[in-house]
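For the record, in the sequence shown the residue sitting at position 2 is 2 according to full-length UniProt numbering, with numbers rising by one throughout.
Note that beta-carbon positions come from the ideal geometry of N, C-alpha and C, so glycine has one too.
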Amino acid sequence: MEVTELLKEYENGNRDFAGANLSGANLSGAMLVGVNFSRANLSGANLSRAHLTKAELNDANLYRANLSFAKMGQVRLADAELTKANLSGAFLVKAKLPRAKLSGAQLIGSNLRSATLWNANLCTADMQFINLRGANLTGAN
């Protein structure tokens, strides 16, 4: 799917892009509140400063994606592939990330207050200056 097509469909009210192939797409700063990207391929995509509040990204492939400073409050990322993703400065308050794969991810300065990260893989993730107040990390490594 092309970025221009996605943005036009979103503007026309479509929020369901489950399974879409957006590998390497440049969606920097895009307004995508409430979008459904479940099972979508967003590997290597640029979503920096994107507005993804209440988005569905369950089982999405975000390997090496740039999500720096993205607004992702209440986002759902269950079982998402976020290995080596850049989430520095991201707003993930009340985000749901059970079983998310965050190995090697950059989470520097991100806000994960009250987030659910149970059974998440955080091995080698850079978690400097992160806010985890009230977060559930049960079973995370």
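Residue Ser43 holds the alpha-carbon nearest to the alpha-carbon of Leu67 among Ser43, Glu2, Asp79 and Asp59. Closest in alpha carbon position to Arg49, among Ala60, Phe17, Val93 and Ser88, is Ser88.
According to DSSP, Phe91 shares a beta bridge with Lys71 and Asn111. CA-CA distance, Leu112 to Leu137, rounds to 11 Å. DSSP, read as helix, strand or coil, puts Glu11 in helix. Relative to the Cα of Ala55, the nearest Cα in the group Ala105, Arg76 and Ala80 belongs to Arg76. Per DSSP, the beta bridge partners of Thr116 are Lys96 and Asn136. With fewer than 16 other Cβ atoms inside 10 Å of its own Cβ, Phe129 counts as exposed.
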